[in-house]
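I have placed the structure first, in the form of structure tokens, so that the comments after it can refer back to it.
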Amino acid sequence: MKRMLRLGVSLRTRLTLWYGALLAVTLLAFSGLVYFTLQQSLASSLDERLTLRAEQLRREVGPSIGNLLQPEDVAPGVQLQSTLSEFVGTGVYVQLLNQKAAVIATPPNLVGEQLPVPTSSQEAIQEDRPIFDTVPVQNNARVRLLTQPLHLEGTDEVVGAVQVAESLSPLENTMSAVSRLLLAADAGALLLAVVVGWLLTRAALSPVFRITDTARHIAATGDYRQRIHVSPPRFGHGDELFFLAATFNDMIARLEHMLESQRRLLADTSHELRNPITIIRGNLALLRRQNIPDSTRAEAIVEAEEEAARMGRLVADLLLLARADTGEVASFQRERVDLGELATEVVEQARPRAAAHNLSVACDSRCVVLGDRDRLKQLVTNLVENAIRYTPAGGRVDVRVQGITALQQRGTTVRSRNARDSGSSIAMANLTVSDSGIGISSADLPHLFERFYRADKARSRAHGGTGLGLSIAQYIVHVHGGSIEASSDGTNRGSTFTVRLPLAPRADPARPIAPPPAPVAISR
Ligand code: ADP
1480 MKRMLRLGVS
1490 LRTRLTLWYG
1500 ALLAVTLLAF
1510 SGLVYFTLQQ
1520 SLASSLDERL
1530 TLRAEQLRRE
1540 VGPSIGNLLQ
1550 PEDVAPGVQL
1560 QSTLSEFVGT
1570 GVYVQLLNQK
1580 AAVIATPPNL
1590 VGEQLPVPTS
1600 SQEAIQEDRP
1610 IFDTVPVQNN
1620 ARVRLLTQPL
1630 HLEGTDEVVG
1640 AVQVAESLSP
1650 LENTMSAVSR
1660 LLLAADAGAL
1670 LLAVVVGWLL
1680 TRAALSPVFR
1690 ITDTARHIAA
1700 TGDYRQRIHV
1710 SPPRFGHGDE
1720 LFFLAATFND
1730 MIARLEHMLE
1740 SQRRLLADTS
1750 HELRNPITII
1760 RGNLALLRRQ
1770 NIPDSTRAEA
1780 IVEAEEEAAR
1790 MGRLVADLLL
1800 LARADTGEVA
1810 SFQRERVDLG
1820 ELATEVVEQA
1830 RPRAAAHNLS
1840 VACDSRCVVL
1850 GDRDRLKQLV
1860 TNLVENAIRY
1870 TPAGGRVDVR
1880 VQGITALQQR
1890 GTTVRSRNAR
1900 DSGSSIAMAN
1910 LTVSDSGIGI
1920 SSADLPHLFE
1930 RFYRADKARS
1940 RAHGGTGLGL
1950 SIAQYIVHVH
1960 GGSIEASSDG
1970 TNRGSTFTVR
1980 LPLAPRADPA
1990 RPIAPPPAPV
2000 AISR
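Residue numbering for the sequence shown follows my numbering, beginning at 1480 and increasing consecutively.
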């Protein structure tokens, strides 16, 4: 339920609410602090005023009060009452008490009324110390009252007290006006901040809205060419939303590329299958006829068989690449394979078909790699078959296996040393298949490993090629943790294919062979 509620409220609303709530708490705390500080300062200045006035009054009436209050029941004289008149003002009252806290002179500005005498006033007289108190008067009003003891002149004997009071109404009125003002200012600031915050959040989240809209549009239309427009950051490297939008664009681009690849693969596959099917059907139709010469009949059968075999190879290659796409390597063995022996075996098997070529194989060092023998043989076969296929009769095809050091692997020109003198510094097995054939143009080189890519379609088909040989070679190399690259000096200047595979660790019968490496996604 909580989760549903959360999901129901938009991120923008949530952010604004959080921000508003935080601001409200801050403003209220700040206003409370201002209110409290002001109240304290006004109250203490009121107390200071009362103290000052009480002190002046005491100085004024002090010398004569002793006589007036002796004996205790002496009534206040007219003179005393007139002295008090000098100390009153609007909202300011003074009153005199005798030793027993009885009123002996009432405030002249309170006609017939007197100030209340709270117990704190009696305490002030008894304990001989000034005491402040807040006491209620008529009409729900309150006064701040100071009781200051009076001494007999020249002695410590308390003979009574002056009471000085000031109405709290001005202070209370000021404070309620301040509180109203603060609340109004708080509400105004909060409203403004929430409105501005709401607008700013919209601006800040606009990339998120754009991402959502684009994602929705792509989902609805299936148009993967759509992108979110992200303007490059003016400062620094961009914020999180910029990276989110850029990542989203990147993801869509990859999806588009994948879909495009799939579409192309499907089109290429159907095209590749249609050709042999057409030929086989044509030949079958020819074979149905009664009056055809035996030689034509035999040719038609051979051609149909060749096309059927090509279809079989194509389907097998496609299946292998489909497994490559899903990252499946479980079917790959992990055994010790001598790459030199394997290359020699492949060359010897190809020799009968390459009678018109000058075929050579050389192994400079013993290079044992860990991998699937059949797949590695398929890799070398694909490269050797290609070299023969794309080299005219009389041309040269050289296969060479050697160990290379990490230094050479990084591209130094140091010539290869054999295993005996390079010792344990050899890091990789290097297999090169070079030919003196038709070569590869620089325009074709970057695309060679793409599925169904052929520099010369007619020649490839004529030789039974499926257009998948190099894609498969690349897949096998990657699964074995190696690399493959093609180079050529240009058309008719021969080509060289170089495969690098990590050498197997030294043989240790007790040690089980490590599991295959993580699957590698092969790009088309
Ligand atoms: P195919 O079955 O067509 O040979 P591959 O994937 O093995 O398919 O090769 C892809 C393309 O690369 C070939 O069609 C050819 O144009 C080019 N190619 C491959 N090997 C060589 C080579 N040794 N010399 C020249 N071109 C080559």
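The C-beta atom is built at its ideal place from N, Cα and C for all residues, glycine as well.
These numbers were taken from a predicted model, which means no experiment stands behind them.
Just to check, is the beta-carbon of Ile1955 closer than 7 Å to a non-hydrogen atom of the ligand ADP? Taken from the Cβ of Ile1955, every heavy atom of the ligand ADP lies 7 Å or farther away.
Taking just the CA atoms, how far does Arg1854 sit from Arg1493? 58 Å
Helix, strand or coil: how does DSSP classify Ala1640 here? strand
Is the beta carbon of Arg1933 within less than 7 Å of some heavy atom of the ligand ADP? At least one heavy atom of the ligand ADP is nearer than 7 Å to the Cβ of Arg1933, so yes.
Go to Thr1805, then tell me how far its beta strand (DSSP E) extends in each direction, as first and last residue. Premise fails: Thr1805 is in no beta strand (DSSP E) and is neither H nor E.
For Thr1892 and Thr1911, what's the separation of their Cα atoms in angstroms? The predicted model places Thr1892 with a pLDDT of 37, which falls under 50 and marks its position as unreliable; any figure quoted below should be read in that light. Using only the alpha carbons, I get a separation of about 16 Å.
So is Pro1550 buried or exposed if we call it buried at 16+ other beta carbons inside 10 Å? Because Pro1550 sits at a pLDDT of 48, beneath the cut-off of 50, its placement in the model cannot be relied upon, and the following sentence gives the value as read from the coordinates. That one is exposed.
Can you give the Cα-Cα distance for Val1826 and Val1840, rounded to whole angstroms? 7 Å
Which of the three DSSP states is assigned to Gln1857 in this structure? helix
Roughly how many angstroms lie between the CA atoms of Gly1973 and Asn1865, to the nearest whole one? 12 Å
So what does DSSP say about Arg1894, is it helix, strand or coil? Confidence at Arg1894 is low in this model, with a pLDDT of 39, below 50, so its placement is unreliable and the value that follows should be read with caution. Arg1894 falls in the coil class under three-state DSSP.
Cβ-Cβ distance between Val1616 and Asn1588 below 8 Å: no
Over what stretch of residues does the beta strand (DSSP E) that includes His1630 continue unbroken? It spans Arg1621 to His1630 - the beta strand (DSSP E) in which His1630 sits, taken as one unbroken run.
C-alpha distance - Phe1688 paired with Leu1679, whole-angstrom precision: 14 Å
How would you write the range of the beta strand (DSSP E) that Pro1615 sits in, first residue to last? Ile1610 to Pro1615
Return helix, strand or coil for Phe1688, following the three-state DSSP convention. helix
Which first and last residues belong to the alpha helix (DSSP H) in which Asp1729 is found? Glu1719 to Arg1767
Once the 5 residues before and after Thr1977 are set aside, which same chain residues still bring their CB inside 6 Å of it? Thr1911 and Glu1964
Cβ atoms of Pro1755 and Arg1789: under 8 Å apart, would you say? yes
Is any heavy atom in the ligand ADP found nearer than 7 Å to the beta carbon of Ile1917? yes
Let me check one thing: in DSSP terms, what residues is Pro1981 bridge-paired to? Met1907
Pull up the distance between the alpha-carbon of Val1513 and that of Ala1663, whole angstroms please. Between the alpha carbons of Val1513 and Ala1663 lies a gap of roughly 14 Å.
Regarding Asn1971 and the ligand ADP, is the C-beta to nearest heavy atom distance less than 7 Å? no
Cβ atoms of Val1848 and Leu1816: under 8 Å apart, would you say? Checking the sequence shown, residue 1816 turns out to be Val, not Leu. In contact: Val1816 and Val1848 (Cβ atoms closer than 8 Å).
Around the Cβ of His1696, are there at least 16 other Cβ atoms within 10 angstroms (buried) or fewer (exposed)? exposed
Where does the unbroken alpha helix (DSSP H) through Leu1589 begin, and where does it stop? In the DSSP assignment, Leu1589 falls outside any alpha helix (DSSP H) and carries neither an H nor an E.
Using a threshold of 7 Å, is the CB atom of Ala1787 nearer than that to any non-hydrogen atom of the ligand ADP? Not so, every heavy atom of the ligand ADP lies at least 7 Å from the Cβ.
Please work out which residues of its chain come closer than 6 Å, Cβ to Cβ, to Asn1897, disregarding the five sequence neighbours upstream and downstream, and give them in chain order. For Asn1897, the pLDDT reaches just 39, beneath the cut-off of 50, and the residue's location in the model is therefore unreliable, although a value from the coordinates is still provided. Counting only Cβ-Cβ distances below 6 Å, and skipping sequence neighbours, we find Asp1843 and Ser1844.
So, is Thr1700 buried or exposed, given that buried needs 16 or more other C-beta atoms within 10 angstroms? exposed
Cβ neighbour criterion (16 or more within 10 Å) applied to Leu1529: So Leu1529 ends up on the buried side.
If you run the structure through DSSP and keep just helix, strand and coil, what is Ser1921? coil
For the structure I just gave you, are there three or more beta carbon pairs, one from the stretch 1856-1874 and one from the stretch 1944-1956, closer than 8 Å? yes
Bridge partner(s) assigned by DSSP for Ala1841: Arg1879
Assuming His1836 and Gly1874 make a contact with CB atoms under 8 Å, what is their CB distance in whole Å? For a cut-off of 8 Å, the C-beta gap from His1836 to Gly1874 is around 6 Å, short enough to register as a contact.
Pro1772 versus Leu1752 - alpha carbon distance: Our two residues, Pro1772 and Leu1752, have alpha carbons roughly 29 Å apart in a direct line.
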